[in-house]
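Working notes, structure below.
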Amino acid sequence: MVVDHGRAHEAHRAGRPVPDAPAWTTAPGGRRHVLPHHSGDALIVVAPSAGRAGATRPPVAAVLGALGVALVAAVAVAVTLGAVAIPLDRVLATLAGRGEPTESAIVLSLRLPRVLGAALVGAALAVAGTLLQGLLRNPLADPYVLGTSAGASVAGTVGLLVAGPLGYLVVPAFAFAGALGSTAFVWRVARVGAHVPIVSLLLAGVVLSAVAGSVVALLLVMSDRLQLRLAAVLGWLMGGVSVVSWEQLGVAAALVAVSVTLGLATASRLDALALGEDAAASLGVDVERLKRVILVASALLTATAVSLAGLVGFVGLVVPHAARLVVGPRHARLLPACALGGATFVVLADLLARVALAPAELPVGVISGLVGGPFFFALLWRQRDSYRL
Amino acid sequence: MTVLAATSLVAGYGAADVLGGIDLECRGGERVALVGPNAAGKTTLVRCLAGLLRPRHGDVLLDGASVGMLDARARARRIAVVPQTFVTPFAFTVREIVGLGRTAYIGPFGGLSSDDRRAIDKALAEAGCTAVAERPFAELSGGERQRAVLAMALAQEADVLLLDEPTVHLDPVHQRETLARLGRIARDRGRVCIAVLHDLNLASALCDRVVVVDRGRIVADGTPAAVLTQHTIDRVFGPGLRVLAGRTPPAIVPLT
Chain D
1 MVVDHGRAHE AHRAGRPVPD APAWTTAPGG RRHVLPHHSG DALIVVAPSA
51 GRAGATRPPV AAVLGALGVA LVAAVAVAVT LGAVAIPLDR VLATLAGRGE
101 PTESAIVLSL RLPRVLGAAL VGAALAVAGT LLQGLLRNPL ADPYVLGTSA
151 GASVAGTVGL LVAGPLGYLV VPAFAFAGAL GSTAFVWRVA RVGAHVPIVS
201 LLLAGVVLSA VAGSVVALLL VMSDRLQLRL AAVLGWLMGG VSVVSWEQLG
251 VAAALVAVSV TLGLATASRL DALALGEDAA ASLGVDVERL KRVILVASAL
301 LTATAVSLAG LVGFVGLVVP HAARLVVGPR HARLLPACAL GGATFVVLAD
351 LLARVALAPA ELPVGVISGL VGGPFFFALL WRQRDSYRL
Chain P
1 MTVLAATSLV AGYGAADVLG GIDLECRGGE RVALVGPNAA GKTTLVRCLA
51 GLLRPRHGDV LLDGASVGML DARARARRIA VVPQTFVTPF AFTVREIVGL
101 GRTAYIGPFG GLSSDDRRAI DKALAEAGCT AVAERPFAEL SGGERQRAVL
151 AMALAQEADV LLLDEPTVHL DPVHQRETLA RLGRIARDRG RVCIAVLHDL
201 NLASALCDRV VVVDRGRIVA DGTPAAVLTQ HTIDRVFGPG LRVLAGRTPP
251 AIVPLT
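Taken in order, these protein sequences are the chains called D and P.
Number 68 in the working numbering belongs to position 68 of the first sequence; there are no gaps in the numbering.
Number 122 in the working numbering belongs to position 122 of the second sequence; there are no gaps in the numbering.
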């Protein structure tokens, strides 16, 4: 990696931070600059009452246990509520095969697949966001704002067009290609030498998302076949969990399991990457290989989420941030916490989407957007000093 | 005893060579200062010695074996680099930062073993930051932060310590303290200890050996008294610095 000392010094002398320079060579001059500069996240943690909170991270088993209980509770509540309320004991009877036919149909073919789908979407997006943030060393990264989701949705729509009875395999495969391709494209567009400035990445992501939206609209107008599935495609664009079969759910679960495992395998190396690529390399990390693994894992996760629910925004932004406040920044704890927390978050958001304006249903993307959008702005507001151009 | 050697080292970025044939041999136990004007190639030399930049010609040998043949993990167990102080986007505590020094000892899915924890405690103590171990790294003062970064490198338990301007953000007292600490670390374990320094007086007073790099070549190498002469200083840094007569180790002041 070429170190651009001249540029860093120049910007520093002009009183500006250097957001895209590798952190350990930037050394933005002593204590005055460092806090407000790269460490929006740190600021939030050390802000009001947290104080020296870093010292006392709670035991990870307790946190994961609590999150697991919360997820099970959220799933239970979400299965019982809806257009027709079905008490938990009758849901359990249905699962045991002793249910009344109508209720069995509702629980087994509609509600449970949708709730479990929402859980998978949440876990996938939250873990993808965590991985991308670790890779880019910036808490503003997320598959939605980087355009990965949009790339996956275009390719997924094409997949819908060509898919026959094996749609539950074809659509994720196309979405994966789209996710990987769009990540590589955005990365390539934003990259300056060895630096990948987050501002350029976000801009490229925004533009890619807009273009992707237009392409999907174009495909929709041109294809009779898609128009027959208009509701499904619109749901995709706005972000709605639509699970059509248990096979689809099974494939998604397997993909999420594989990619979360990949992420966990890299956890300690991803921690080291927080110090910058050169520092990580000197700590023993094969940085290029790590990048490839993370990009593939996050593209797999994004593709899975998009295949199930289309464009659900900001989950990958909100959940890792909240999780970091509780378990700290180390990925071995952060990734499982995000998987469970993200699953719970989307299950509850989807429940809210179903019952808030009942009998009308909102797409879950509306809820996550209403929660996550302001959250993104708050993060940007705290970090805005770092992004002056 | 560990020996780190560069032989006819040529390296650079893009089309240009930054280093034009460097021969250097450093033995465990000595504190070596790399000095020279800006853009002389000091940082590039450190990156080559660390195995982070592949040389175009020549080789870097650690106890006779090429550093380029080691994979990242094996290399990190032998060679530690202390970067200039860095900032992290996430809120690590000091202990967590120092724990990153153990990355090369942790396998996939692995966590810190009891050996790792012992090494971390020892590194915290050696670098003098046990007292701040549980504090958020971002809240530390410049001097504390520098010591934490040093502790991270010490936790690697490597035989070679390479430091890129370790004193750049420190006040004079902390600069002295850092180099004194390095001296103890180098001697106690027979470690190779090489630091890029900008302050010639610091190099003179607190290092056993001074290597002057200019335009990608080594132009002087020896004890501070042998190397920091008016002649060499003039040749490398141009006029504007005076070596005070009759001082051992030499002292250098700017001309007014």
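Idealized CB from N, CA, C, for every residue including glycine.
The shortest C-alpha to C-alpha distance from D:A152 to any of D:A343, D:Q248, D:L325 and D:S298 is the one to D:S298. At a cut-off of 3 residues, the continuous stretches assigned as beta strand (DSSP E) that sit fully inside the stretch 167-206 of chain P are 192-196.
Contact annotation: in the stretch 159-178 of chain P, residues whose CB is within less than 9 Å of a CB in chain D are L162, D164, E165, V168 and H169. Boundaries around P:A72 are those of the alpha helix (DSSP H), A72 to R78, since no beta strand (DSSP E) includes it. Three or more Cβ pairs closer than 8 Å define a contact, and the stretch 322-329 of chain D falls short of that threshold against the stretch 201-219 of chain D. Our two residues, D:A232 and D:V171, have alpha carbons roughly 13 Å apart in a direct line.
Selection P:V236, P:F92 and P:I22 evaluated against P:L61 yields P:I22 as nearest (Cα-Cα). Against chain P, the beta carbon of D:S298 has no neighbour under 7 Å; the closest one sits roughly 17 Å away. Secondary structure in the stretch 134-183 of chain D: the alpha helix (DSSP H) runs of 4 residues or longer, each lying completely within the stretch, are 148-162 in chain order. Going by DSSP, P:L163 is part of the beta strand (DSSP E) stretching over V160 to D164.
With a cutoff of 9 Å on beta-carbon distance, P:L19 and P:L34 are scored as not near each other. If you look at D:C338, you'll find it in the alpha helix (DSSP H) that goes H331 to V355. Cβ contact annotation for P:A186 (same chain, cutoff 6 Å, sequence separation greater than five): G29, R31 and C193, in chain order. Considering only beta carbons, the part of the stretch 268-291 of chain D lying closer than 7 Å to chain P consists of S268, R269, D271, A272, A274, L275, G276, D278, A279, A281, S282, L283, G284, V285 and D286, in chain order. For P:E25, the enclosing beta strand (DSSP E) begins and ends at A16 to R27.
Taking the CA atoms as reference points, D:P143 sits about 15 Å from D:K291. Counting only the Cα atoms, D:V107 lies some 10 Å from D:E100. Shown in chain order are the members of the stretch 48-79 of chain P whose Cβ falls below 9 Å from a Cβ of chain D: A50, G51, L52, L53, D71, A72, R73, A74, R75, A76, R77 and I79.
According to the DSSP assignment, P:R209 belongs to the beta strand (DSSP E) that extends over R209 to D214.
DSSP lists P:V210 as the beta-bridge partner residues of P:G222. Closest in C-alpha terms to D:Q133, from the list D:V315, D:S368, D:L71 and D:R114, comes D:V315. Judged by DSSP in its simplified three-state form, P:I252 adopts strand. Looking from the CA of P:A16, the closest CA among P:R56, P:G51, P:P239 and P:P172 belongs to P:R56.
Under the three-state reduction of DSSP output, D:A74 falls in the helix class. When 9 Å is used as the limit between beta carbons, P:L182 is near no residue of chain D, the shortest such separation being about 17 Å. By the criterion of a C-beta distance shorter than 6 Å, P:L150 is surrounded in its chain by V82 and A127, once the five residues flanking it on both sides are discounted. When rounded, the separation of the alpha-carbon atoms in D:L218 and D:F377 is 31 Å. Within a 10 Å sphere around the beta-carbon of D:N138 sit 16 or more other beta-carbons, which makes this residue buried. At a Cβ-Cβ threshold of 9 Å, D:L270 and D:I294 count as neighbours. For D:T102, the enclosing alpha helix (DSSP H) begins and ends at P101 to A105. Under the criterion of beta carbons closer than 8 Å, D:A305 and D:A124 qualify as touching, at roughly 4 Å.
Apart from the 5 residues on each side of it in sequence, D:A322 sits with its Cβ closer than 8 Å to the Cβ of G341 in its chain, given in chain order. Residues of the stretch 80-92 of chain P that bring their beta carbon within less than 8 Å of a beta carbon in chain D comprise A80, V81, P83, Q84, T85, F86, V87, T88, P89, F90, A91 and F92, in sequence order. At least one CB atom of chain P sits nearer than 9 Å to the CB of D:G328. For the pair of segments examined, the stretch 110-123 of chain D was found to touch the stretch 342-360 of chain D: the number of CB pairs separated by less than 8 Å reaches three.
Secondary structure in the stretch 217-258 of chain D: the alpha helix (DSSP H) runs of 4 residues or longer, each lying completely within the stretch, are 224-228 and 230-238 in chain order.
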